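Here's the structure we're looking at; comments come further down.
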Amino acid sequence: MLLSIDKVQKSYPGGRPVLRDVSLTLDHGQTLALTGESGSGKSTLLHLAAALDSFDGGEITLDGTPLSPLDDAGRAVLRRRSVSLVFQQFNLIPSLTVDQNLSFHARLAGNYDPTWGSHLAERLGLSDLLGSFPETLSGGQQQRVAIGRAMAARPKLLLADEPTGNLDETASANVLDLMLSLVVDTGAALLLVTHSQEIAARLDRRVHLAGGHIQ
Amino acid sequence: MNVRTLLVVLLFLFPVASWAQGYADLGGSAEGFDVPQRGYQFDFPKDHGPHPSYRIEWWYLTANLQGADGRDYGIQWTLFRSALKPAETQSWQSPQLWMGHAAVTTPDTHYFAERLSRGGIGQAGVTAQPFEAWIDEWRMAGLDFDALTLSANGANFGYNLSLNAQDPLVFHGDAGYSVKSADGQASYYYSQPSYAVEGVLHLPEGDVAVTGEGWLDREWSSQPLASDQSGWDWFSLSFEDGTKLMAFRLRGGRGDFTSATWIDAEGTAVALPDGSASFTSLETARVAGRDVPVQWRVTLPDRGVDVEVSALTPNAWMATRFEYWEGPVTVSGSHKGRGYLEMTGY
Amino acid sequence: MTAAIVQALLSHWRTHRLLLATLLIGIALATGLWSAVQAINAEARASYAQANAQLALGQFDELRDPAGDIPLSRYVDLRRAGWQVAAVLEGSYRVGGRNLRLMGVDMVAYPALPAVIDAEQSTNPPDPADILTAPGRLLVSPDLAPLLREQNALPPILTTTALPSDVILTDIGVAETLLNKPGAISRLVVLPDQPHVLPPLSEIAPELERVGPASQIDTAQLTDSFHLNLSAFGLLSFAVGLFIVHGTVGLAFAQRRGMIRTLRALGVSIRRLVWLILAELTLLALIGGALGLVLGFFLAGALLPDVAATLRGLYGAPVTGQMSLQPEWALAGLAMAVFGTLLASGHALWRLSQLPLLAGPGLQAWRSSGSRRGFTGIAGFALIVGGVVIYLSFGGLIAGFILLGGLLTGAALLLPLLLSFAISQLARTAQGPVAQWVWADMRAQLPGLSLALMALLLALAANIGVGTMVSSFRLTFVGWLDQRLTSELYVTATDNQQGREVSDWLRPQVDAILPIRSVELEHETGPLFLYGVVDDPVYRQNWPLIASASDVWDKTMAGNAVLINEQLARRANLWPGDDLQFSPARALKIAGVYSDYGNPTGQAIVSMQQLNLISPGVETRRFGIRMDPGRAAEMAQTLRTRFDLPRQAVVQQAAMKAQSLAIFEKTFVVTSALNVLTLGVAGFAILTSLLTLWTQRLPQIAPVWALGLNRAQLSRLELLRSVLLAALTACLALPLGLVLAWVLLTVINVQAFGWRLPMYVFPWDWIVLLLLTLLAAMIAAALPALRMLRLPPADLLKVFANER
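Chains S, H and F are the protein sequences, given in the same order.
Its first residue numbered 1, the first sequence is counted upward by one per residue in UniProt numbering.
Its first residue numbered 1, the second sequence is counted upward by one per residue in UniProt numbering.
Its first residue numbered 1, the third sequence is counted upward by one per residue in UniProt numbering.
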C-alpha cells in the first residue's frame, strides 16, 4: 500500500475539528479524486498526506513510513523524497527560472535526470520558456511548470490541490490532460482534490468528504 | 563700574551725592599721606611739580578766548594726579595715576576728551623745571611757569596755544592754605589768574585763530572734603576793570560753605571768609538729563559786587567717566566781564 | 468622522507594537545622533566666541614687532605721539603640570573686559589699588582657582566666570613679573577712539606692524575642519536613521492598505486620508524626535569632555567640557525629526495617494524594479563624476567635502547594481539546488534590502575611511615625534644668565647641548614662529623633510637658506627655491620643507647666526640635551635641584611623547564611539528592512518548505542570507572606505590643516570590522530567523490555501 490513512483526526488551533476519523488507502499507480464543499477538510487531508503538517490522532503511512513519529525535519525529508505537490496557486519559486523551477524538486530529492527533465519540458511545451521567470508566464504555463517540477522527481505519489482551479476552461483541460497522461506514463499514484465532478470522473476512484467525514 | 571709573572717582575731590557716603572714608583719614598744614612756605619752581605724598593734585587751566570775528570760545586743559599710595615707583605698578581732561566750548557746541594713564613709565607726569605737564600727546610746557605752550587733541577737536603770565601768582585762603569745610579740611591752592593766551583751535569746521585770557589753578591735598558735602559751584571771573574774583560754594547737608578771593587790578589778592559771597541760581537748563543752573546771581557786598553770571552755552557738560559741568560764562550787572564756571554734583 | 478615521488609523499601531517601536527608535536614533553632534559643535563654537569676547580678542587692530617683544619705551613713544594703544604682555605659564595662558593687560587702558566688570560688580569688589600695585591680583575662572591657590608664590586670586578656563588675567605689571619679562610688551591693541590728528606709525615706530583683526589667529577658523568632520558624521547618522524610518513607514502603509481601501470605500476622501496620515506622521516624528533629543543630550554630554580635550590639546581652543541645553537646539532637533520623517515617508505617502480604490498591486509592488536599479546606478555614477569634476574645477575645503559627498552618495546608489552583479556572478558557481535558490532569492530580495545595505555601506566606508585617517595620523605622528624629539631632555632656564650657567655646567657631562631660540614673527598667512638652531648631526640625520633642495642643511646652517614647515609651505604655496619674506627688507631662499603635525601655525628654521641678525637679542633659555637615555631621569632631577628649576622646566622626551599621544587617544575615543554608533544604526536598519520584508517572505519560502526544506534549515538560510549580503556590502565598502581615507588624507587634511599624511592601511582592523559587520548582520537577522523557526506550518499552509 503506497498511502494509508487510518482514522486520522485534525483540529484547527482553536479546537474546531476539521477531520474526524478519516480513513482511506491508495495503492501504487492508482488515481483518487477527493471531492467536497469548501471547508470540508479535503485540502487539510491532502496537506497531511503530503507530510506538510502534523495531525492529532490516527496514523498516516506513506510508502511504508508512519508519519506520526516524525518531527519537522523528518517530514521535510519525506516530502523531498516521496511526494510531489501541485497547488491551485502554482506556487513556483519566483526567484528561479522555469528551468531551475523544473529541476528544483528532483535535484533536492537527489534523483534529477536531465534527459527526463528535457523530455518533460518538451512534453509540457515549456522548451522555449526555460530561461523565463514565473511571473512572466500565463497561469496555464505556470501550472505546467508546477506539474513538470512535480513529475521531474519521478514521485511515487503526486498530490494535487485543485490544479485547474485558477485556470480558464481551455487551459484547464490542457493541464489536466498533461498531468493525467504523465501520471499514467510514470506509474505514479495521484491524489487529487477537486470540487469538480467532471474531473473526479476521470480518475479511478472518488471519495467525498463532508463535515470532516468520508461519505 | 570698572577699574577706570573707580579711578576717576578717586581722582575727584567732590563726589556726587550717591558717592558721598563712600567718600566719608577718604575724607576722614589720610592713610599715610601728608596733610596740608597752615603756614606752609611754598618753594618754587619745585611746587609747580607733583607732590606724590599727597593723595590728589591738579593743574587746571581754563581760558576765555575770542576769534578774529568776535566769536567767543572757552577751553579747558586739566591734568589730575591721584595716588593709591603715597609713593612712586618706576614701573607699571606705580601707585600714581593720571587723568587728563580737555575741552573746547563754542557758543553752540562743547567738545571734550579724556585720557588716563599711570605714572612710573613716562606716559604722564609733571616736571617743575623746565616745566612740563603731560599725558599722552597733551602737553603744557615751558622754560618756566610764566611762558607755556599748551596742546591737546580729541577725536574731533584740538588746540595749540601759548600762555604768557601778566601778573604774579595768587595764593588763596591763608597764604595758599585753603579751607574747604567748617570741619577744617583744607588744600594747598594757588593760581595764575592772568595768562595772555593766543593760538589756534582745531575744530571740525576748520582752524580758528584766537586770543584771550587764561586762569590756571594749582591745588593738592589728601583729605579735602567733609562727609556731608555733595558738590560745588566754582567761579573764576575777570572783570573789565582789571579786578578778578574766585568764589566757590561747597554744598553740604549741614549748610553751604563758601570761600572767595578778591584780586585787584595790580594782582594783589585778599581772601574773604565763609559767608562773604552768596550764590543764587536764576535759571536752570536741562543738560544730560539733569537740571543744571546756567544763570546765577553772585553777590559780594564787601566789594560792591552784584552780578549775573550766564553760561556761554548750557551744553558745556563733561560727559567723561565722572561727569560735571565746566564752561565759559559772561558777567553783567555791577561788573562786566568773562570767566569760567564749574559745577559738580548735579 | 475625523475621530473615527483617526481611531481606525491608530488602531493599527496597537496591533503592531514592534513596528511602532521600530519607527520611533529610527526617528530617535536619527535625531539623537544628529542633535548630539550639533550640540557638541554649538557648545564648542560658543566657547570660542565667549573666550574671544571675554578677552576682547579679534575686535581691534594690533601692533606687533616681527622681531619679538615691544619695549615699554616704544609704548610711551606711541602714547606721547597721540596713539591710543593698550599694552598686552602674554605668555604661557605652567602651573601644576598645566599650560595656562597668562594674559597681562594694562588694566587702565585696555577695553573693559567682562571679567573685570564681573569682579567689580561682585559683593566684594576688589580695590583698584590692589589690582594695580604689587603684589596685584590674578583673575581666573572658578575651576582654575583651587590649582592656583595651592601655589605659594602667586598673588591673591579673584574668581570670575567671565574667563575661559585656561586663562589667567592680570594687570600687565603683575604679568611682567610672573613671566619674568620686565618692560616687555607682546602686542599693542589699537583702541577705537583716536585723536583727530595722528602721526603715521612709520615716523614713530617703523619696526611695528599693524595687524587687522582678521589676520589674528582665529580659533574658530582653525577648528572649523574638526567641526565639519563631526557634522559630516552627524549628517551621515541622520541619513542612516532615515533609512530605518523609510522602511518602517513603507511597511506600515503596506499593511494598512486594506484598511485604507475600506475607509475610502466608506466615503473618506483620499485628501482627508493623506492629511490625517501626515498629521499622524508628524506626531510620531515629534515623539521620536523628543526621545532623540534626550538621547542626543546625553550622548553629547558623554562625548563632550573628550571632544573638549581634543580641541584644547590639538588647537589650544578653549572649550569647557560641560553641556548646556539651548532651546534653539531642541527646536532644531525636532524640526529635523519632522522634516526627516516626512522626507523618508514622502514616497510611501505619494504611492498611497495614487492607490486605486478597488484593487492595488500586491505587497511586492512597493519595492523598486530592475529598471529603477539601472536608473539609480546611472545617478550614482553621475554623482561620483560630478563630485570629482567640482573638486577639480574649484578646489578648497568645501569642494573637498562635495567630492566626499559625491563619492559616498554615488557609491551608495551604485550599490544595488554592484551587489546584483556580484550575486549573479556567484550564483553561476552555485551547484546544488538550494545554493542556486539562495543566490536567486538573495538577488530577488535586493530591492527591499538595498536601502538598509546602502546605510551599511556608508557606515562601513566611514568607519574604514575615518579609521584609516586617524590611525595613519597616529602612526605618522608617532614616527614624526621620534624624529623631532631627538634630545633626551629639554630644559627651560628662567633667564639668559641661568641659561648660560646651565649649559656651562652640563657641557662636560652630556653628548651635546642644542640651544633653541625662537621668536614670533608676522607673516601674511598668520603668525610665524622662527627658530634658530646650531649645526648638529642630529638635525641632519633626523629632521623629517618632505621636500628639499640640494645641500639643504649646508645652505641653511651657512645662513643662506631657511627651512619651513609644511603648513606654511601649503598655505603660502612656498616650496624649495622660493623666497620667504621675513620683513620688507629681509628674505631667505627656502631650502626645504618639513612635516610639523599638530601645529596650527607657520614655522621656520634658520641658523642661529641668521636668527640673531633677523631678531637680535632673543634670549637663549631653552636647550635640547643629547645624552644617554638611561641617565635622563636622574639628570632631570639633578638639574631641578641644582638650579632650583620648577618641575615643568626640565622635561624628559619620553614624558613629552606620552603627553602628545594622550591627546590623540582622546580623538580616537570620539571617532570610535561615533563609528560604533553608526554601525549600530546601520545594523538596526537591516533589522527593520528584514522585518518589513517579512510578510512578503512567506509566499517565497512556503513552496521551498513544501518541497522538502525544514524550518530549521530555512531559518539558517535566513541568517546566512543576511550575513552574505552584509559581507558582500563590506567587500564593496572596503575600496570605498580606502578612497574615502585617501580623500581625507590628501584632500581634506591639506585643505583644513595644511599637512598631507601618508596613508597606512590596517588590514587587521578591516578583519575586525568585517567580523563586527557579520555579527551585526546576524543579530539583525536573528529575529526574523527565530520567527521562521517558530512559524506554525499552518501559517505556511495558508499560502497554498485556495481562497486568497
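Glycine included, each C-beta is placed from N, C-alpha and C at the ideal position.
No experiment lies behind these values; they were computed from the predicted model shown.
Minimum Cα-Cα distance from S/GLY58 among the listed residues S/GLN88, S/LEU24, S/LEU167 and S/ALA189 corresponds to S/LEU24. By DSSP's assignment, H/GLN96 forms a beta bridge with H/ALA83.
Short of 6 Å from the beta carbon of F/ALA30, and not among the five residues preceding or following it, lie these beta carbons of its own chain, in chain order: PHE238, GLY241, LEU242 and GLY340. Close CB contacts of S/LEU182 within its chain, under the 6 Å cut and outside five residues either way in sequence, are with MET151 (chain order). Secondary structure at S/HIS28: coil, using DSSP grouped into helix, strand and coil.
Contact holds between the region 302-316 of chain H and the region 326-342 of chain H, because three or more Cβ pairs, one in each stretch, are under 8 Å apart. Taking a cut-off of 8 Å on C-beta distances, the region 505-521 of chain F touches the region 606-625 of chain F, as three or more cross pairs fall below it. In this structure, F/ALA285 sits near F/ALA337, with a CB-CB distance shorter than 7 Å. Here F/ALA776 is not near F/GLU718, since their CB atoms are 7 Å or more apart. Take the alpha-carbon of H/GLU114 and the one of H/GLY173: they are about 30 Å apart.
Taking C-beta atoms under 8 Å as the contact rule, H/ALA186 and H/SER178 qualify, at a distance of about 6 Å. Three or more Cβ pairs closer than 8 Å define a contact, and the region 184-204 of chain H falls short of that threshold against the region 276-287 of chain H. Judged by DSSP in its simplified three-state form, F/GLN59 adopts coil rather than helix or strand. Pairwise C-beta distances place the region 171-185 of chain S out of contact with the region 10-21 of chain S, as fewer than three of them are shorter than 8 Å. Legend: CB atoms of the region 191-218 of chain H lying less than 8 Å from CB atoms of chain F belong to residues HIS202. Pairing F/ALA547 with F/ALA153, the inter-Cα distance amounts to about 48 Å. Closest option to S/SER172, judged by alpha-carbon separation, among S/SER132, S/ARG206, S/SER196 and S/LEU67: S/SER196. When C-beta distances to chain F are compared with 8 Å, the residues of the region 111-126 of chain H below that value are ALA113, LEU116, SER117, ARG118, ILE121, GLY122 and GLN123, in chain order.
As computed with DSSP, H/TRP58 is found in a beta bridge with H/PHE80 and H/GLU219.
Contact between S/ASP72 and F/ARG787 is ruled out by a C-beta separation of about 15 Å, above the 8 Å threshold.
Using a Cβ-Cβ cut-off of 7 Å, S/ARG80 counts as an interface residue toward chain F, since at least one Cβ of chain F sits closer than that to its own. Chain F has a Cβ within less than 7 Å of the Cβ of H/PRO95. Proximity to H/TYR340 across H/ALA103, H/TYR189 and H/ALA209 peaks at H/ALA103, based on C-alpha coordinates.
The way I'd put it, the region 66-82 of chain F doesn't touch the region 140-147 of chain F; fewer than three beta-carbon pairs between them come closer than 8 Å. Here the alpha carbon of F/LEU738 sits roughly 14 Å from the alpha carbon of F/LEU769. Shown here, F/VAL747 sits in a helix according to DSSP, grouped into three states. Between F/ILE277 and F/LEU9 the beta-carbon gap is near 7 Å, inside 8 Å, which marks them as a contact. Within the region 131-157 of chain H, the residues whose Cβ lies closer than 8 Å to some Cβ of chain F are TRP134, ASP136, GLU137, ASN153, GLY154, ALA155, ASN156 and PHE157, listed in chain order. Among the CB atoms of chain F, none fall inside 7 Å of the CB of H/TRP59. Of the residues F/ALA741, F/PRO66, F/ALA780 and F/LEU757, the one whose Cα lies closest to the Cα of F/GLY467 is F/ALA741.
In this structure, the beta-carbon distance from H/GLU219 to H/TRP58 falls below 7 Å.
Counting only the Cα atoms, H/ARG139 lies some 9 Å from F/ARG80. When H/SER276, H/GLU88 and H/ASP217 are compared, the shortest CA-CA separation from H/GLN76 is found for H/ASP217. Contact with chain F is absent for S/ALA200, since none of that chain's Cβ atoms lies less than 7 Å from the residue's Cβ.
Residues are counted here when their Cβ sits less than 8 Å from a Cβ of chain S; for the UniProt domain "ABC3 transporter permease C-terminal" (675-793) of chain F these are PRO699, GLN700, ALA702, PRO703, VAL704, TRP705, ALA706, LEU707, GLY708, LEU709, ASN710, ARG711, ALA712, GLN713, PRO792 and PRO793, given in chain order. Using beta-carbon distances, H/LEU84 counts as an interface residue toward chain F, with a partner under 7 Å.
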